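Q: My structure is below; once you've seen it, I'll send some questions.
Number of protein chains: 2
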Amino acid sequence: MARSIETSQLTVARAAAALFLQRGLAATSGADIAEAAGISERTVWRYFHNKESCVAPLFAKSWKYYAEELRRWPHFQSIEAHLAECFDLAKQPPEWIADGLLIVRLIATLPDEPDLRPVWLASYHRGEDELAAIIGDRLGRSHGDFDVRLCAAAVLAAIRVIDETISIAAIRYAQEFTTAEVVAQTAKSIRAVSHLPFCDPVEPRPFGGSGPMLSPDAERAGRTE
Amino acid sequence: MARSIETSQLTVARAAAALFLQRGLAATSGADIAEAAGISERTVWRYFHNKESCVAPLFAKSWKYYAEELRRWPHFQSIEAHLAECFDLAKQPPEWIADGLLIVRLIATLPDEPDLRPVWLASYHRGEDELAAIIGDRLGRSHGDFDVRLCAAAVLAAIRVIDETISIAAIRYAQEFTTAEVVAQTAKSIRAVSHLPFCDPVEPRPFGGSGPMLSPDAERAGRTE
DNA sequence: ATATAGTTTGACAGTAACTGCCAAAAATAC
DNA sequence: GTATTTTTGGCAGTTACTGTCAAACTATAT
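Read top to bottom, the protein sequences are chains S and G. Residue 31 in UniProt numbering sits at position 31 of the first sequence; the count goes up by one each step and never skips. Residue 5 in UniProt numbering sits at position 5 of the second sequence; the count goes up by one each step and never skips.
Right under this line is the structure:
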């Protein structure tokens, strides 16, 4: 049974992250990463088109964690209730802990490794469509609706800021957070930037959607894929 | 009298943008950019540490335009009033028109040039501190305050989404917008994602700031510089 | 105008990042 | 098992990018 390609890429990402953290991005070569990951350099460049994006799968994992939980979010539940339920660290697979630490440490080094930040931002950005779909679904609106996309972008930015704030506080200032604190802060921040009422329980409704804010053309245009 | 270095970099950016738009990022070499910009390749690499970021000055200009106007924003004025005043296209220097078109066209190609998107995102990201300062100033709060930073990130995301939506609508769907439409939509979107009341007139107040949401350490930690 | 100091640039050589190509290996289907 | 497709490694070649140094340019002083 073969490992999926995502798993292989994640292996490379972990190796790359460890090296970047240890000796810095500039001092790490493609050959180093390949060796640490136990594959040929050729395959590294097949997986990623540049050195920095080798860690992208880890960053993506940070968001995918949220995405998966949000997709399961029942319509009748508030965001606070749902997050409290699924953010139980004890429920996470053990490998998550190690990856989580790697991610947090990477985020904390962003100020020192400016070339890593675009990768971080782009990883999060890829979640916008997905989040728009989730929000749209909850509100019975299209994911192409301008307001829905606006909301998704703002919420994703909020989650990103929280990730950054907490990671830096944890690594650089050795601060510790309880799960409850993180959940409360996350929910509060998401609510703060949301102008659509998707955080509260909604009754399931047939797909409908309200009028677009920009013209329909502009709406279609807004989708990135 | 020497041209400032920013001007030189902008020249390179314009040349690079034209080439990227014409034949694509992959088909454009560093030597091509250098030649088109009328400087040596060595200088191109001194200005930018990779090919993609050659267009960053143009992207940055897109945000700086907002930033400058917002810094001038008088405390007693609402955001609608202020934006309406300064978004008068006739008031812009003529070179702005050409650059603006270049920027809009670049944004419209982002779906086809995925390697340009990180540059776009990072350019906007660099405005977060600046915007936090503006918002903080209006509210008499510190720019390090978590809520202020959260608000800045959300507002910047909103402006970015508007830029993307309008650019794609204009280029791919040949839609046209009046200044008034753009201003109204921008102000409305900024308000939508803002949970702090900086959009309305505020009375000038001595620097004070309310209590932090996270602990002071976490607040300091959040700043990226 | 000339000297001096500081900054920016180009030339060129070298290294590291990255691609194309093809054959070996591995997975999958039958 | 064989046939087919997908994934991988090896290696050669190209392009992106850096280090170094001398020439050119700017600025300020006199």
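Every residue gets a Cβ at the ideal spot worked out from N, C-alpha and C, and that includes glycine. Treat the numbers as computed from the prediction; the structure is a model and nothing was measured.
Out of G:192, G:133, G:156, point me to the one whose CA is closest to residue 145 (chain G)'s CA.
A: Here the closest residue by C-alpha is G:133.
Q: Between residue 138 (chain S) and chain G, is the shortest Cβ-Cβ distance under 8 angstroms, so that the two count as touching?
A: So, not an interface residue.
Q: Is residue 157 (chain S) close to chain G, meaning its C-beta is less than 8 angstroms from at least one C-beta of that chain?
A: Interface residue, yes.
Q: Assuming residue 154 (chain S) and residue 123 (chain S) form a contact by the criterion Cβ under 8 angstroms, report the distance between their Cβ atoms to the nearest whole angstrom.
A: Residue 154 (chain S) to residue 123 (chain S), Cβ: 18 angstroms. No contact.
Q: Could you name the residues of the same chain whose beta carbon sits closer than 6 angstroms to that of residue 21 (chain G), not counting the 5 residues immediately before and after it, in chain order?
A: Hits under 6 angstroms: 105.
Q: Rounding to the nearest angstrom, what Cα-Cα distance links residue 130 (chain S) and residue 28 (chain G) in this structure?
A: Approximately 33 angstroms, taken between the alpha carbons.
Q: Touching or not, the segment 161–174 of chain S and the segment 100–116 of chain S, by the rule of three or more beta carbon pairs under 8 angstroms?
A: Output reads yes: the segment 100–116 of chain S touches the segment 161–174 of chain S.
Q: Smallest Cα separation from residue 198 (chain G): which of G:143, G:167, G:189, G:136?
A: Comparing Cα positions, the closest option is G:136.
Q: Closest to residue 63 (chain G) by CA distance: which of G:158, G:80, G:176, G:202 is it?
A: Taking only the C-alpha atoms, the option nearest residue 63 (chain G) is G:158.
Q: Spell out whether any CB of chain S is found under 8 angstroms from the CB atom of residue 210 (chain G).
A: In this prediction, residue 210 (chain G) scores a pLDDT of 46, lower than 50, which makes its location untrustworthy; no coordinate-derived value is stated.
Q: May I ask which residues mark the beginning and end of the alpha helix (DSSP H) holding residue 8 (chain G)?
A: Run containing residue 8 (chain G): 5–23, per the alpha helix (DSSP H) assignment.
Q: Tell me whether the beta-carbon of residue 13 (chain S) lies closer than 8 angstroms to the beta-carbon of residue 36 (chain S).
A: Not a contact, by the Cβ cut-off of 8 angstroms.
Q: Against residue 118 (chain S), what residues of chain G qualify as contacts under a CB-to-CB distance less than 8 angstroms, listed in chain order?
A: What residue 118 (chain S) touches in chain G: 118, 119, 121, 122.
Q: List the residues of chain S whose Cβ lies closer than 7 angstroms to the Cβ of residue 154 (chain G), in chain order.
A: Going along chain S in sequence order, the residues near residue 154 (chain G) (Cβ under 7 angstroms) are 154, 157, 158, 193.
Q: Quick one, which residues of the segment 161–177 of chain S are near chain G if we go by CB-CB under 7 angstroms, in chain order?
A: Listed by position along the chain: 161, 164, 165, 168, 169, 172, 173, 175.
Q: Can you give me the C-alpha to C-alpha distance between residue 99 (chain S) and residue 16 (chain S), rounded to a whole angstrom?
A: So the alpha carbons of these two residues sit roughly 12 angstroms apart.
Q: Check each candidate in S:24, S:101, S:190 and name the one with the smallest Cα separation from residue 235 (chain S).
A: With chain S represented from 1 up to 225, any question about residue 235 (chain S) goes unanswered, as that position is not in the structure.
Q: Here's a check: name, in chain order, each residue in its chain whose Cβ is nearer than 8 angstroms to the Cβ of residue 9 (chain G), leaving out the five neighbours to either side.
A: The answer, listed in chain order, is 47, 48, 57.
Q: Going by C-alpha distance, which of G:166, G:180, G:152, G:167 is nearest residue 189 (chain S)?
A: It is G:152 whose Cα lies nearest to the Cα of residue 189 (chain S).
Q: If we cut at 8 angstroms on Cβ distances, does residue 230 (chain G) have a partner in chain S?
A: For chain G, the structure presents residues 1 to 225; residue 230 (chain G) sits outside this window and is missing.
Q: In chain order, what are the residue ranges of uninterrupted alpha helix (DSSP H) at least 4 long that sit wholly in the segment 143–207 of chain G?
A: As far as the segment 143–207 of chain G is concerned, its whole alpha helix (DSSP H) runs of at least 4 residues are 146–173, 179–193.
Q: Is residue 125 (chain G) close to chain S, meaning its C-beta is less than 8 angstroms from at least one C-beta of that chain?
A: Taking Cβ atoms only, chain S reaches closer than 8 angstroms to residue 125 (chain G), which makes this a yes.
Q: Give the C-beta separation of residue 118 (chain G) and residue 118 (chain S) to the nearest angstrom, bearing in mind that I take them to be a contact with Cβ-Cβ under 8 angstroms.
A: That belief holds up - the Cβ atoms of residue 118 (chain G) and residue 118 (chain S) are roughly 3 angstroms apart, short of 8 angstroms.
Q: What's the call for residue 33 (chain G), buried or exposed, on a 16-neighbour Cβ count within 10 Å?
A: So residue 33 (chain G) ends up on the buried side.
Q: Assign residue 109 (chain G) to one of two classes, buried (16 or more other C-beta atoms within 10 Å of its C-beta) or exposed (fewer than that).
A: By the 10 Å Cβ count, residue 109 (chain G) comes out buried.
Q: Could you tell me how far apart the beta carbons of residue 121 (chain S) and residue 121 (chain G) are, in whole angstroms, since I believe they sit closer than 8 angstroms?
A: The Cβ separation is near 4 angstroms, so the contact holds.
Q: Measure the alpha-carbon distance for residue 53 (chain G) versus residue 202 (chain S) and round it to whole angstroms.
A: Rounded to whole angstroms, residue 53 (chain G) to residue 202 (chain S) spans 44 angstroms at the Cα level.
Q: Please tell me whether residue 225 (chain G) has its Cβ less than 8 angstroms away from any Cβ of chain S.
A: Its pLDDT being 36, under 50, residue 225 (chain G) is placed unreliably by the model, and the measurement read from it follows with that caveat. Yes, residue 225 (chain G) lies at the interface with chain S (some Cβ there is under 8 angstroms from its Cβ).
Q: Between which two residues does the alpha helix (DSSP H) carrying residue 59 (chain G) extend?
A: Unbroken alpha helix (DSSP H) run through residue 59 (chain G): 56–72.
Q: CA-CA distance, residue 148 (chain G) and residue 186 (chain G)?
A: Rounded to whole angstroms, residue 148 (chain G) to residue 186 (chain G) spans 19 angstroms at the Cα level.
Q: Suppose contacts are defined by Cβ-Cβ distances below 8 angstroms. Is residue 183 (chain S) in contact with residue 87 (chain S) by that definition?
A: Taking 8 angstroms as the Cβ cut-off, residue 183 (chain S) and residue 87 (chain S) qualify as a contacting pair.
Q: Run through chain S and tell me which residues come within less than 7 angstroms of residue 189 (chain G), C-beta to C-beta.
A: In chain order: 150.
Q: Figure out for me which residue from G:55, G:191, G:166, G:127 has the closest Cα to the Cα of residue 226 (chain G).
A: The requested residue 226 (chain G) is not part of the displayed model; chain G covers only 1 to 225.
Q: Report yes if the CB atom of residue 41 (chain S) is closer than 8 angstroms to the CB atom of residue 31 (chain S), and no otherwise.
A: Contact: yes.
Q: Report the three-state DSSP secondary structure of residue 110 (chain G) (helix, strand or coil).
A: Of the three classes helix, strand and coil, the one that applies to residue 110 (chain G) here is coil, per DSSP.
Q: Only counting the same chain, and skipping five residues up and downstream in sequence, which positions put a Cβ closer than 6 angstroms to that of residue 60 (chain S)?
A: 123, listed in sequence order.
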